[in-house]
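Peer 1: My questions all concern the structure below.
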Amino acid sequence: MQTIKLVVVGDGDTGKQALLMTYTGHNGKQMPTVFDNYAVTVMIGGEAYTLGIFDTAGQEDFDRLRPLSYPQTDVFLVCFSVVSLSSFKNVTEKWVPEISHHCPATPFLLVGTQVHLRDDSDTLKKLAQSKQQAVTFTSGEKLARELKAVKYVECSAETEEGLKNVFDEAILAALEPPDTKPKKHCILL
């Protein structure tokens, strides 16, 4: 059975661990992680695959350890919370540069998490007090295009909205990575 290695990166407190625990069916108290591993069997086109999922810690304390989980990664999920502008900015300032440095040819998806909080009145009040607003789907798509992500997807671990789609798209990206070979150009002399 072929194994697909998926590594999840992003700031702490963006819902990465909740996303993984809900998808893999693990429930329990969430704790800060250096990295946790999960394995699930998925069927694709009638064939079974093992999806090896590696959760990484987003805190700066783990900046030197985190890349140890990157070798042989087939696809990355770069996560941010749609209600955290700082986590959205760190996609560009930290996460994509980091994975591009260590795994330049590995495809990644940009994942907006915690979408259920876009409609939460308490969350919206807190954002308004700091003169911020939630990241829109359009902004996520635009950033994904700029960073050359395979796709932009959104989800909520709490409501499970879009949850399965995140992993389905990641599996497709791993099995059919984008062509990164330089295109040949015809030169007329």
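All residue numbers for the sequence shown refer to my numbering, where the first residue is 1 and numbers rise by one.
All C-beta atoms in this analysis are idealised placements derived from N, C-alpha and C, irrespective of residue type, glycine included.
(1) May I have the straight-line CA-CA distance separating His-101 from Lys-94, to the nearest angstrom?
(2) If you reduce the DSSP assignment to three classes, tell me which class Met-43 lands in.
(3) How long is the line joining the alpha carbons of Val-96 and Asp-119, rounded to whole angstroms?
(4) What first and last residue would you give for the beta strand (DSSP E) that runs through Lys-5?
(5) Anyone know if the C-beta pair for Ser-87 and Thr-14 falls short of 7 Å?
(6) How about the stretch 160-169 and the stretch 120-137: do they share at least three Cβ pairs that are nearer than 8 Å?
(7) Need the endpoints of the beta strand (DSSP E) that Leu-124 sits in, please.
(8) Identify, in the order they occur along the chain, each residue of the same chain with its Cβ nearer than 6 Å to the Cβ of Asn-37, setting aside the five sequence neighbours on each side.
(9) Tell me, please, whether the stretch 36-52 touches the stretch 135-153 by the rule of three or more beta-carbon pairs shorter than 8 Å.
(10) Can you tell me which of the three DSSP states Val-82 falls into?
Peer 2: Inspection of the coordinates gives the following:
(1) 11 Å
(2) strand
(3) 28 Å
(4) 2-10
(5) yes
(6) no
(7) Premise fails: Leu-124 lies in the alpha helix (DSSP H), 121-129, not in any beta strand (DSSP E).
(8) Phe-54
(9) no
(10) coil
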